[in-house]
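Going letter by letter, the sequence shown gives residues 39 to 410 in my numbering.
Every residue gets a Cβ at the ideal spot worked out from N, C-alpha and C, and that includes glycine.
Heads up, the thing below is written out as structure tokens.
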Amino acid sequence: MSEIGQTSEKEKGSEMSQNSVSGGTAIVTGAGRGFGLAIAAALVDSGIEVVGVARDAERLKAVASEFGGSFVPVVGDVADPDLPARLLGAYRPRLVVLNAGAVPEMRPLHRHTWATFGQVWETDVRQAFSWCGEALRAPLAPGSTVIAVSSMAALSGGSPLSGGYAGAKATMRFIASYAAQESDLAGAGIRFLTLMPNLTAATRLGGVGVEGYAERLGVSVEEFIRRRGEQLQPEQVGQAVLAIRDGDAPNGSAFTLPAAGTSPGASSSGGRTDGASGSPRRRGSGLIRMPRRARLVRRSADRPVGPRIWSSRPMPTASSSSPSPAGCAVPTRTGIRRPRWTRPSASASGRTTLRPWSCMPATRSPTKTWIR
């Protein structure tokens, strides 16, 4: 077992490169238990050599004895800023899965100190920042993939007992997105993606969360789990990593992973949907690719400035309750009840009137509209 900073890392890296199969080498942080262990198992089963990083030497030793020569245990702390350069330089992985994370202190906001509130930031966010930055500086080989394991709490913000957990997980996604942009600008060919699994009692971290929120609601753990429905299993996360790695999703994409059997389009799950239709963009069983941020489009004679919103449903025409000029469509997305009357234009009489940003000729497709 390697200790960080010892020369044996390079020796093991060379040996792994010589013996690795076509799947290449992967680094998985937090590989001793939970999602990380399941991810490592899925990769090993697929013929990929895995470098498993964790702080618990005994757990890593047990995992290594189970997986054999396809798993190299490395004891290290992902919050160590020097760790990424050492491991990326030694093993030159084709895949990096940033799964390690701190277990948050479960207490209400006013019972937190800044240290307990920011605990997840000091581990999870620091990990994403250090590893994504080093992947660009090294850089990893073109075609390599970095997957940041976030959480669906990053979307819902529904973790009031977990301190800065939801915000930290959201920031992990932002960092991966920023790194993806830099990779594209530099032509590095490195993909940075985010996977956001749902809360589950099947892991140590999730179990702590389930216990805390069950107590907050005054119900038993069993009742809390029953209300949430089918639980996400670590093996599903392992398979999701494989699906993302082998997929062709655009750089910077993020994926949510609810438990099997849940409704991906339900707002209660925290998942995002594709446009206004509520239909998720699916990639594999239960895996949902979130829509990318709407891109800005230039103004033309028949198209105003603003993000383009796509919908699979025809946009309704104006009604008496929401008057708009003939031929204009009224967006029906949540929070938009009527056209945004902000565009001034001169009428035939010379008086200035307001026209909606969303107004477009009736000849254009009824499934597109632009709003500012």
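Quick check on this structure: which residue in the options has the alpha carbon closest to the alpha carbon of residue i?
i: Thr-6; options: Ala-186, Ala-179, Pro-272 and Ile-263; result: Here the chain has residues from 39 to 410 only, and residue 6 is not among them.
i: Gly-106; options: Glu-253, Glu-87 and Val-259; result: Glu-87
i: Val-91; options: Phe-212, Ala-138 and Ala-278; result: Ala-138
i: Cys-83; options: Pro-288, Ile-326, Leu-295 and Leu-280; result: The displayed chain sequence assigns Asp, not Cys, to residue 83. Ranking the options by Cα distance to Asp-83, first place goes to Leu-280.
i: Glu-172; options: Val-158, Pro-131, Glu-143 and Met-234; result: Pro-131
i: Pro-288; options: Gly-196, Arg-327, Cys-170 and Ala-297; result: Arg-327
i: Thr-183; options: Thr-67, Leu-325 and Asp-284; result: Asp-284
i: Ala-191; options: Pro-180, Arg-211, Ala-176 and Leu-178; result: Arg-211
i: Val-112; options: Ala-179, Leu-125 and Pro-119; result: Leu-125
i: Asp-115; options: Ala-226, Leu-81, Ala-140 and Glu-273; result: Ala-140
i: Val-259; options: Ile-282, Thr-154, Ile-77 and Gly-244; result: Gly-244
i: Ala-218; options: Gly-201, Phe-155 and Gly-181; result: Gly-181
i: Ala-240; options: Ala-128, Leu-255 and Pro-272; result: Pro-272
i: Thr-209; options: Ile-282, Gly-68, Val-163 and Val-89; result: Val-163
i: Leu-178; options: His-148, Leu-133, Ser-168 and Leu-233; result: Leu-133
i: Gln-277; options: Ala-117, Asp-286, Tyr-216 and Leu-295; result: Leu-295
i: Asp-94; options: Gly-85, Ser-108, Ala-79 and Leu-75; result: Leu-75
i: Glu-96; options: Ser-200, Ala-69, Ala-166 and Thr-238; result: Ala-69
i: Leu-193; options: Leu-237, Val-248 and Gly-62; result: Leu-237
i: Tyr-165; options: Tyr-129, Gly-127, Pro-119 and Gly-156; result: In the sequence as presented, Tyr is not what sits at residue 165; that position holds Gln. Comparing Cα-Cα distances from Gln-165 to each of Tyr-129, Gly-127, Pro-119 and Gly-156, the minimum goes to Pro-119.
i: Ala-128; options: Glu-261, Val-89, Leu-233 and Ile-282; result: Val-89
i: Thr-67; options: Val-135, Asp-286, Phe-155 and Ser-108; result: Val-135
i: Gly-1; options: Ala-117, Leu-199, Val-110 and Ser-168; result: One cannot answer for residue 1 here, as it falls past the ends of the chain, which runs 39 to 410.
Report back the beta-carbon spacing between residue i and residue j to the nearest angstrom; my notes put them in contact at under 8 Å.
i: Ser-291; j: Leu-231; result: 5 Å
i: Ile-204; j: Cys-170; result: Inspection of the sequence shows that residue 204 is occupied by Ala rather than by Ile. No, Ala-204 and Cys-170 are not in contact; Cβ-Cβ is about 20 Å, not under 8 Å.
i: Ala-297; j: Gln-269; result: 6 Å
i: Gly-196; j: Val-158; result: Incorrect: roughly 15 Å between the Cβ atoms, too far for contact.
i: Met-144; j: Val-246; result: 6 Å
i: Leu-81; j: Ala-100; result: Not a contact, Cβ separation roughly 17 Å.
i: Phe-262; j: Val-248; result: 6 Å
Taking all protein chains shown into account, decide if residue i is buried (16 or more other Cβ within 10 angstroms of its Cβ) or exposed.
i: Thr-151; result: exposed
i: Arg-242; result: exposed
i: Pro-235; result: buried
i: Ala-224; result: exposed
i: Ser-358; result: Summary for Ser-358: the model assigns pLDDT 42, below 50, so the residue's position carries little reliability, and this model does not support an answer.
i: Arg-264; result: exposed
i: Pro-142; result: buried
i: Gly-373; result: Residue confidence for Gly-373 is low, a pLDDT of 46 falling below 50, so the modelled location carries little weight and cannot support an answer.
i: Ala-153; result: exposed
i: Arg-254; result: exposed
i: Ser-103; result: exposed
i: Ala-206; result: buried
i: Leu-12; result: Any question about residue 12 goes unanswered here, given that the chain covers just 39 to 410.
i: Cys-366; result: Bear in mind that the predicted position of Cys-366 carries a pLDDT of just 42, short of 50, making it unreliable; the figure below should be weighed with that in mind. So Cys-366 ends up on the buried side.
i: Pro-122; result: buried
i: Arg-175; result: exposed
i: Arg-149; result: exposed
i: Gly-72; result: buried
i: Gly-267; result: exposed
i: Leu-147; result: exposed
i: Gly-85; result: exposed
i: Gly-299; result: Reliability of the predicted coordinates at Gly-299 is poor, the pLDDT of 32 falling under 50, and no value is obtained from them.
Identify the residues that DSSP records as bridge partners of residue i: which are they?
i: Leu-133; result: Ala-64 and Thr-183
i: Gly-74; result: Paired residue(s): none; Gly-74 is not in a bridge.
i: Gly-90; result: Val-66 and Pro-111
i: Phe-293; result: Leu-233 and Arg-327
Is any heavy atom of the ligand NAP found at a distance shorter than 7 Å from the C-beta of residue i?
i: Arg-283; result: Among the components modelled here there is no ligand, and therefore nothing to report on the ligand NAP.
>> At 4 residues or longer, what runs of the alpha helix (DSSP H) sit wholly inside the region 218-266?
In response: 242-255 and 259-266
> For the region 116-173, which segments carrying the beta strand (DSSP E) assignment without a break, of at least 3 residues, lie completely within its bounds, in sequence order?
Replying inline: 133-136
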